[in-house]
Every structure is written in C-alpha cells, then in structure tokens.
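Numbering (my numbering), first residue to last: 2 to 254.
Below is the structure:
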C-alpha cells in the first residue's frame, strides 16, 4: 500500500476545503442553522413532542444526516471530476498507485470534510435545543459510515459526469429529495400505513432511523436492518468502483 500517495491525495483535497472555508464549511452550517430556526422554533412551537422527544431535538439527527449526505456526495464527486475535466487524471492513472489508493485518498478526504461539518452542526444544535445522546459510540459510528458510503457514491457520480450540470444532477434531483422523504423532519410512523410501507424502499430511511436511535434510543426501523442496509450499500458502491477501474469506464475515454 502506497501510503505516501494516499496522504498526498488526501492533503491536496483537504487543502481545497480550507482555501474555500466560507463555501465549504460556513455555508452549510449556516443553512442548517436556518432549518433549526424555521422548523425547530416556528413549527416546533406547534408540535409538542414526537415519540416522547421534543420536536426541536427530534429533527437534529435528520438535519445532520441531510447535510452530511449532500456534502459527502458533492465533495467526492467534485474531487474526482476536476482531474477528469482538467486532464490531469491521466497523470494519476500512470502514477505508481492502484485504484484502491486513489479511492482511499479521494473518498477519505470527502468523508473527513462531511464528518467535520456534521460534528460542527451537532455542536451548533446545542445552542437551539437541549440534546442528549444515549449511544455516543453508535452515533459516531453511523455518522462515519454515512460519510464514507455517500463519499463512495459521490466518487462514482464524479466519474460518470461529463459536465458540471450532470455533476449537480444526482445530488439535487435524487439525494436531496430522498433525504427529505426519509424521515428527516418526521417519524415515518406519522404517515398513512400505505406510505409507511412505500418509504421503506428509500435507503435514507435506514440511515436516519439508525442515527436517530443513537440519540434517543428509538427508531422507525430496527437498528439491525439499518446496519444491514449500510453494509449492503457499501458493498454495492465498492463493487461499482472496482468495475469502473477494471474496465476503464468513463476514465480512459
């Protein structure tokens, strides 16, 4: 394993974050704070509790997941797309590094950025609501796994995209709607019975449910199913990336 190559890619990607700190970190944190104000204060004043938890606290795990999902996908997609766009990806492919090292470098950096933002939002949320975490280790585990999984998905999107418009298409039209419909602001038990069954086909439901369980000890879906869904998603993304580098799809053409 070429750890020097991994470290070089990782440092390069992280340095871009600190060069654009207002856009990379401050902007998503401020946007999430607005959600706390609108949903936690305005709507929360009309909704007493959800499953025994104050509404302001109930939406914290969902809002963190919403931001982490979009940031992981966007950062990883942009990180690998730019070398394709500039043509420098051929230098990367001809360097003495294998695809595992490339993936670890880019995905690791994107996941780290999203994790940083998620933790900042978690700390920020304590300004607005009283928050306790029943299972902090599980909470951190779900957060890290989500960052890695969706950074892997973003890496695939970055390779697939041919234009900046395509780069933004999947996060905007698929990831964000799935996050909003995945129980970010509500419990799926509040839906009619038919829609409760339909929403179980949304993979984000399992992530939000598992993450919320780590906070409050209750979930819409059994934690075991959430973990199984996370592992299945990880395997699917890793399999797709292996196939991409094996065939050279969208890389060498």
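Quick reminder that beta carbons are idealized off the backbone N, C-alpha and C, glycines included. Computed from a prediction, not measured in an experiment: that's the story for all the values here.
Query, Result
"CB contact flag (residue 65, residue 122, <7 Å)", "yes"
"DSSP beta-bridge partners of residue 50", "55"
"7 Å Cβ cutoff met for residue 155 and residue 74", "yes"
"Close Cβ partners of residue 139 (< 7 Å) along its chain, the five nearest in sequence each way excluded", "215"
"Continuous alpha helix (DSSP H) assignments of at least 4 residues falling wholly in the segment 168-228", "177-181, 194-200, 204-217"
"Backbone CA spacing between residue 189 and residue 219 [nearest angstrom]", "12 Å"
"Counted within 10 angstroms of its Cβ, other Cβ atoms place residue 165 as buried (16 or more) or exposed", "exposed"
"Burial state of residue 88, where buried means 16 or more other Cβ atoms lie within 10 Å", "exposed"
"Best match in 249, 40, 143 for proximity to residue 206 [C-alpha to C-alpha]", "143"
"Pairwise C-alpha distance: residue 235 and residue 85", "24 Å"
"Distance, residue 232 Cα to residue 145 Cα", "13 Å"
"C-beta contact flag for residue 81 and residue 159 at 7 Å", "yes"
"Residues near residue 69 by beta carbon distance below 8 Å, same chain, minus five either side", "115, 116, 118, 119, 144, 147, 148, 151"
"C-beta neighbour in chain D for residue 107, strict 7 Å", "Given the protein chain composition of this structure (a single chain), no chain D is represented."
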